[in-house]
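Numbering (my numbering), first residue to last: 1386 to 1475. Every residue, glycine too, gets a C-beta built ideally from N, C-alpha and C.
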């Protein structure tokens, strides 16, 4: 199961961290969900997780449903800064 990391800026780190459980439940099939914050104190954050359907995740992120977009907005995610990384398999 590949590991995925999604990075983005947030408006307020403490507020973003309050949404941890809601964020984890919004990622279908994701396990081992971990929130990460920048050590330098900036508003950069990341979510790391394992997922078995990378293609499904890519499709979901490419056509973000209105409820998921609203959730990201309510968590303070700055969507224009989002980048998605997937574990490289050699």
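CA-to-CA distance, residue j to residue i, given in whole angstroms
| i | j | result |
| --- | --- | --- |
| residue 1405 | residue 1420 | 7 Å |
| residue 1450 | residue 1409 | 16 Å |
| residue 1369 | residue 1464 | This structure cannot speak to residue 1369, because the chain is shown only from 1386 to 1475. |
| residue 1395 | residue 1403 | 12 Å |
| residue 1448 | residue 1470 | 17 Å |
| residue 1412 | residue 1426 | 26 Å |
| residue 1439 | residue 1472 | 10 Å |
| residue 1459 | residue 1452 | 10 Å |
Among the options, the one whose alpha carbon lies nearest that of residue i
| i | options | result |
| --- | --- | --- |
| residue 1400 | 1456, 1436 and 1434 | 1456 |
| residue 1386 | 1417, 1398 and 1437 | 1437 |
| residue 1388 | 1423, 1424, 1459 and 1431 | 1431 |
Residue burial classification, residue i (beta-carbon count within 10 angstroms, cutoff 16)
| i | result |
| --- | --- |
| residue 1454 | exposed |
| residue 1442 | buried |
Nonlocal neighbours in the same chain, by C-beta distance under 6 Å from residue i, ignoring five residues either side
| i | result |
| --- | --- |
| residue 1466 | 1393 and 1394 |
| residue 1461 | 1395, 1396, 1397, 1400 and 1401 |
| residue 1415 | 1434 and 1436 |
Counterpart residues of residue i in DSSP-defined beta bridges
| i | result |
| --- | --- |
| residue 1416 | 1435 |
| residue 1462 | 1395 |
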